[in-house]
Amino acid sequence: HISPEAYRAKHEITIIGNESPAPFMTFQSTCFPPEILREVQQAGFSAPSPIQAQSWPITLKGRDIVAVAKTGSGKTLGYLLPGFILVKNLRNNSRDGPTVLVLSPTRELATQIQDEAVKFGRSSRISSTCLYGGAPKGPQLRDLERGADIVVATPGRLNDILEMRKVSLHQVAYLVLDEADRMLDMGFEPQIRKIVKQVQPKRQTLMFTATWPKEVRKIASDLLTNPVQVNIGNTDQ
Ligand code: ADP
Ligand code: MG
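Residue numbers for the sequence shown, in the working numbering: 12 to 248.
This is the structure we're talking about:
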């Protein structure tokens, strides 16, 4: 058992902001519901990854967060598991639109996130659907009609479906910009801003990114409210 300070030093965690809760060094300390703890145990995970350990206590407080950590560090469950808990707490009718919206740069990444949401959310009765371009809209629209607590989407396809008025974002309370640096590299900034205008200002916004260049800082300062930032390792500026 080590102190929060020793854990942060060991995993090169730095926090910027007016909140620095102790990291959740074990799954038990997260106080996640038993069905979620069972899922991570069944997946064979022994402990939260550093970005999970330090971002979860901040996210669960309802704060906006910027999380900077390299690929492969467990960012997906970093935002999904607190999102599951929010869905359970709010218990919206998923047919009125999703509670959680995750924006992702590519079809491949969106599909991976969707797979993780399905796998880890099943026992919590979380429904999730995935919207991406390069595939027919019909099946995606039918999935949406069935209702989904979580929508994972690439920005272009989501805007197409928004224009068709086939989904409403008025219930979104938890907005995730995943791989924000890549989305901006791919030219999605106007699409992202258009989408975010349709999400209520009274929301929690989370940005996950592998790098922290000035374009990403700018959109973070425009879309997030008083965020806490968590960096893992040397995040080259
Ligand atoms: P990132 O988004 O940071 O690139 P991912 O969320 O894709 O990383 O996670 C990388 C891999 O690590 C996935 O296979 C995921 O299931 C696994 N993983 C996530 N959390 C943990 C954990 N706490 N312990 C072990 N493996 C984990
Ligand atoms: Mg990722």
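Note that the Cβ used here is the ideal one computed from N, Cα and C, for glycine as well.
Going by CA-CA distance only, name the one from the options that's closest to residue i.
i	options	result
MET218	GLN240, MET197 and LYS208	GLN240
ASN100	ILE137, LEU112, LYS130 and ALA128	ILE137
SER57	ARG74, THR37, ILE124 and ASN237	THR37
TRP67	LYS213, LYS21, TYR90 and ARG193	TYR90
LYS213	HIS181, ARG19, LEU114 and SER31	HIS181
ALA191	GLN151, CYS141, LEU169 and THR165	THR165
LEU88	PRO116, PHE43 and ARG118	PHE43
ILE96	PRO45, ARG118, GLN202 and SER115	PRO45
SER31	GLY55, ALA64 and ILE13	ALA64
PRO104	LYS86, ALA54 and GLU156	It should be pointed out that residue 104 corresponds to Asn in this sequence rather than to Pro. Cα-wise, what sits closest to ASN104 is GLU156.
ALA80	TRP223, ASP233 and SER232	TRP223
ASP233	ARG168, SER84, ARG204 and GLY132	ARG204
VAL77	LYS225, THR216 and ASN245	THR216
ARG228	LEU195, ASN245, GLN202 and LYS208	LEU195
VAL98	GLN209, GLY132 and ILE124	GLY132
GLN211	GLN202, TYR185, ILE26 and GLY198	TYR185
ALA231	GLN209, GLU200 and GLY244	GLU200
PRO147	LEU169, LYS130, ALA128 and GLU127	LEU169
According to DSSP, which residues form a beta bridge with residue i?
i	result
LEU180	Paired residues: none, contrary to the question.
CYS42	None; CYS42 has no bridge partner.
MET218	VAL77 and LEU188
ALA164	LEU114 and LEU142
GLN240	ILE27 and VAL77
Verify the contact flag: residue i, CB atom, against every heavy atom of the ligand ADP, threshold strictly below 6 Å.
i	result
LYS21	no
LYS86	yes
THR82	yes
PRO61	no
GLY131	The amino acid occupying residue 131 in the given sequence is Phe; Gly does not appear at that position. No.
PHE56	yes
Compute the beta-carbon to beta-carbon distance between residue i and residue j, rounded to the nearest angstrom, for a pair I have assumed lies under 8 Å.
i	j	result
PRO15	ALA33	4 Å
ALA221	THR82	6 Å
PRO93	VAL183	The Cβ separation is near 15 Å, so there is no contact.
SER139	VAL163	7 Å
ASP75	ASN237	6 Å
ALA159	TYR143	Not confirmed; about 14 Å, so no contact.
VAL113	VAL187	4 Å
VAL111	ILE172	Actually they are not in contact, since the Cβ atoms of VAL111 and ILE172 sit about 16 Å apart, beyond 8 Å.
According to DSSP, simplified to helix, strand and coil, what is residue i?
i	result
ASN29	coil
ARG204	helix
LEU235	coil
SER66	helix
ASN245	coil
PRO109	coil
Is any heavy atom of the ligand GDP found at a distance shorter than 6 Å from the C-beta of residue i?
i	result
VAL210	The ligand GDP is absent from the structure shown, which contains only the ligand ADP and the ligand MG.
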